[in-house]
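If you're matching positions, the sequence shown starts at 70 in our numbering and goes up one per residue.
Positions of the beta carbon are idealized from the N, C-alpha and C atoms, including for glycine.
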Amino acid sequence: MNPIFALKRAAGARRFQRPVSQFSNSLFGRTFPPDARTRVAIYYHPNVISWSLIYPYVKYEETLKERYGVALSLRPVDEFLAGDADHSADVIVVQPWFTVDPATLERALADCRSTNRSARIVFLDPSAHCDLRLGRFVAPHIDLYQRKALFKDRSAFTQPFRGDTNLVDYYSALHGLEAPVVDWEAPADLLDRLALAPNFLLDPTLAAGFLGESPVGGDRPIDLHCRLATRGSPWYQAMRLHAEEAARGIDGIRQTPDGRIPRKAFLAEMRQARLCWSPFGYGELCWRDLEAFMTGAVLVKPDMGHLETCPDLYVPGETYLPVKWDFSDLEDVVRAALDDPERCRRIAETAFAKARDYIETDRFVDEVSEHFALERPALLA
């Protein structure tokens, strides 16, 4: 299947998208130019969540080329899994979906390593849940393992959980649900090779929203934005229903109604909200978090203190308002925020400014240079 068509089809099924035709078609499947200093082959999975981690390379392609002589080539990960890896690449980024067959992935990585011994192989994990479920299969063959969030206590990656993630463990226990213990057997020697990839901030549907004027202030007649999906696996549904009930139980404030609406209307509604309630999804990071920052609504979210993210946009009391994971203090946090509009203004401004600064200062390029061990030519150093 044509890689552009595959990506376009996957993105079209989701509401967070930008037409793939707007991206540089020349990057897809191209051969490396002979004068390339560093050849980077990126094998991507064609869905919009995965694409949010690949798009930054497209966005900063020219800067990477100017500073480090990088040439990019984007190809569907199915090619890599079928054993068709580019033997001329200096850096190989592999991004399957988390449902990939582990044996197939391990075999493809082993083949790639045996024929590309000098290449730097980077595994890019796009999954929402914070675990290393593919870790033991990829560890022998890769130089770096990247994901959107990492436990501050890296040893948590080696611990078994009831269910398959830390969130399943906590919310299954909270709501009295059965969850068998799962141990992903992540190898300890992989922990030193973990690195952060940018969160959803650099997704093409979000990044541009931080480059205009600050949205903070203005008329905001909605006190709390609360449109939550509640259907899903048992623990997720129990958690989300609980989150919705906790918010709806706050009397005397104006909230959004239930139900899904088109994204344009959703964002317009968010721009009228003072606060945005964003409980966890299947992972801690949510698109809604960045949409709140982008629209000037103050993010209210379960405490994120156990995670590292890139950039660090979860600073309690500075960029968001944390609540307990059981939502027992949600009403107190919401009422205190609504009673202090000046504090809310400062938090919203700080969150927006930190996000914009990351984009405008090309920090992604600096991070790529470190992760890929790139060096500037002497004349540019």
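Option nearest residue i by Cα separation, candidates the options
i           : options            : result
residue 312 : 370, 183, 152, 261 : 370
residue 240 : 282, 256, 308      : 308
residue 269 : 405, 424, 113      : 424
residue 224 : 246, 249, 216, 254 : 254
residue 323 : 342, 338, 267, 292 : 292
residue 144 : 113, 153, 262, 137 : 113
residue 185 : 168, 205, 202, 161 : 161
residue 346 : 211, 195, 402      : 402
residue 440 : 272, 300, 266      : 266
residue 355 : 165, 333, 382, 343 : 382
residue 287 : 169, 159, 211, 364 : 364
residue 128 : 418, 274, 319      : 274
residue 105 : 158, 334, 234      : 158
residue 246 : 258, 278, 303      : 303
residue 399 : 340, 316, 107, 206 : 316
residue 252 : 205, 289, 167, 422 : 205
residue 209 : 198, 256, 217, 243 : 256
residue 325 : 341, 384, 201      : 341
residue 333 : 360, 327, 280      : 360
residue 261 : 404, 211, 285, 271 : 211
residue 404 : 417, 415, 394, 390 : 390
residue 217 : 444, 176, 207, 377 : 377
residue 41  : 174, 173, 226      : Nothing can be reported for residue 41, as the shown portion of the chain is limited to 70 through 450.
residue 168 : 141, 418, 147      : 147
residue 338 : 366, 99, 132       : 366
residue 336 : 435, 358, 238, 141 : 358
residue 151 : 165, 280, 139      : 165
residue 176 : 193, 188, 207, 200 : 207
Delimiting residues of the beta strand (DSSP E) encompassing residue i
i           : result
residue 192 : 189 to 194
residue 263 : 263 to 265
Opening and closing residue of the alpha helix (DSSP H) in which residue i lies
i           : result
residue 115 : Where residue 115 is concerned, there is no enclosing alpha helix (DSSP H), given that its DSSP letter is neither H nor E.
residue 294 : From DSSP, residue 294 is part of no alpha helix (DSSP H) but of the beta strand (DSSP E) over 291 to 294.
residue 220 : No alpha helix (DSSP H) contains residue 220, which is instead part of the beta strand (DSSP E) from 218 to 220.
residue 451 : In the structure as shown, the chain starts at 70 and stops at 450, and residue 451 therefore has no counterpart that could be examined.
residue 131 : 130 to 137
For residue i, the three-state DSSP class (helix, strand or coil)
i           : result
residue 442 : coil
residue 307 : helix
residue 413 : helix
residue 285 : coil
residue 105 : coil
residue 142 : strand
residue 255 : coil
residue 110 : strand
residue 91  : Note that residue 91 scores 49 on pLDDT, short of 50, meaning its location in the model is unreliable; the coordinates nonetheless yield the value given after this. Residue 91 falls in the helix class under three-state DSSP.
Exposure label - residue i; buried when at least 16 CB within 10 Å
i           : result
residue 433 : buried
residue 119 : buried
residue 330 : exposed
residue 388 : buried
residue 297 : buried
residue 232 : buried
residue 437 : buried
residue 103 : exposed
residue 219 : buried
residue 350 : buried
residue 156 : exposed
residue 195 : buried
residue 353 : buried
residue 107 : buried
beta-carbon residue i near the ligand NAP non-hydrogen atom, thresh 7 Å
i           : result
residue 167 : Looking at this structure, you won't find the ligand NAP or any other ligand, since it has none at all.
Closer than 8 Å to chain B by CB, residue i
i          : result
residue 97 : Considering every chain present, this structure includes no chain B. It has just one protein chain.
Beta strand (DSSP E) runs contained entirely in the stretch 144 to 187, provided each spans 3 or more residues:
160 to 163
What are the uninterrupted segments assigned as alpha helix (DSSP H) that are 4 or more residues long and contained completely in the stretch 335 to 406, given in chain order?
356 to 364
In chain order, each beta strand (DSSP E) run of at least 3 residues that lies wholly inside the stretch 195 to 242
213 to 216, 218 to 220
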